[in-house]
Structure formats: structure tokens, C-alpha cells
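Notes follow once the structure below has been shown.
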Amino acid sequence: MTMGKIIFYEDRNFQGRSYETSTDCPELTSFLSRCNSCRVESGCFMVYDRANFMGNQYFARRGEYSDYQRMGMSDCIRSCRMIPMHRGQFRIRIYERENFGGQMHELMDDCDNMMDRFRMSDCQSCNVMDGHWLMYEQPSYRGRMVYLRPGEYRTPREMGISNVMRFSSLRRIMDSC
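Each number in the numbering used here comes from the position in the sequence shown (counting from 1) with 563 added on.
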């Protein structure tokens, strides 16, 4: 299995000191005074603008990201999580209310519009049984996003969201990273 590799840079356009990692990093300021750009050499990562995998999130696959602001970050990149490759089926249960209440739908594939498909205007909790998923604020996989790995998420806060955010679409993270 190939490991992912990401390089962070202090300044925009890959300038300044750099730090390279292949694992989760809950606090990049331990290595760099700030982080304004990154380059993903292999694999897939989620990058966050707050420590401990909180705040705005951005899905980064192989490529160059020259400016944190273009990634939708309100502050520089402060933490990252490596997304492991997943082979096999994907399964997630989404719930309309917190603590697995309200309507429930089980998905094994992508959903570009939860309202159109399920008549479900919000998702407040979920259970990821298989695979890794991205949940988006807007239909058609747009807007702010949240990374969900296998586990139970009883509240939006457990999903890593500190402010009110509605979800409208979700997709699987396939091993094509």
C-alpha cells in the first residue's frame, strides 16, 4: 500500500520553510510558524484551518495548492488528516435529526442532492459503516465540506462542525486519489 505524502510551505506559492508528512498532523504550527500553501505528492488529505482537525475543511488530492484562501480557508492551514485508501463497499446512514432521530436513509453510492432524492432538508447525524465520505453544504458537491470516516456522529459538532451548516450532498472518497 502506498502512503500519501504532503508538503506544507510557510508562504504562498510554495515559498519559505517547508514540512513534509505522510500521517495525521493535529498542529502544524509545531513545525512551521504558519502554512499558506501545500503540495500533495501522493494520496489524499483533508486540510483544516484550525488545530485538531477543526474549522473549515478542504479535500486535497495529488496536485498543487498555492494559496490557502483559494481553498476556502479563513486562516492558514493548521492541521491535516491523511485519508487511507479504502477498497470494498461503501455504506452510510444519514439521519434528519441529532442522535439518529427523524428520517433515516442508507446509502452505498454518491448523492448529489439529498432534498431531491430523499425529501430530506437536513442531516444532523450519521453512521459511517464502510468507507470514507465527503458531505457538502450545497447540492452537486459544492460549498463547504466535511470529511467522515467510519464511526458514529451523533451531532454536527462530532462531525467537526462548530457552526450551523446544512448538508445537501455527499460522495464517496474513491481510491483514485
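Note that CB positions come from ideal geometry on N, CA and C, so glycine has one too.
Out of ILE657, PHE594, TYR628, the CA that lies nearest to the CA of VAL610 is found in TYR628. Note that the C-beta distance between SER688 and GLU669 is not below 9 Å. By the C-beta criterion, the region 671-689 is judged not to be in contact with the region 626-646, since fewer than 3 inter-stretch pairs fall below 8 Å. Beyond the five residues adjoining it in sequence on each side, CYS674 comes within less than 7 Å, by CB distance, of ARG680, SER732, LEU733 in the same chain, given in chain order.
Per DSSP, ASP574 is one residue of the beta strand (DSSP E) stretching across 568-574. In the DSSP assignment, HIS668 forms a beta bridge with ILE657. DSSP lists PHE608 as the bridge partner or partners of ALA623. Listed as beta-bridge partners of GLN687 by DSSP are no residues whatsoever.
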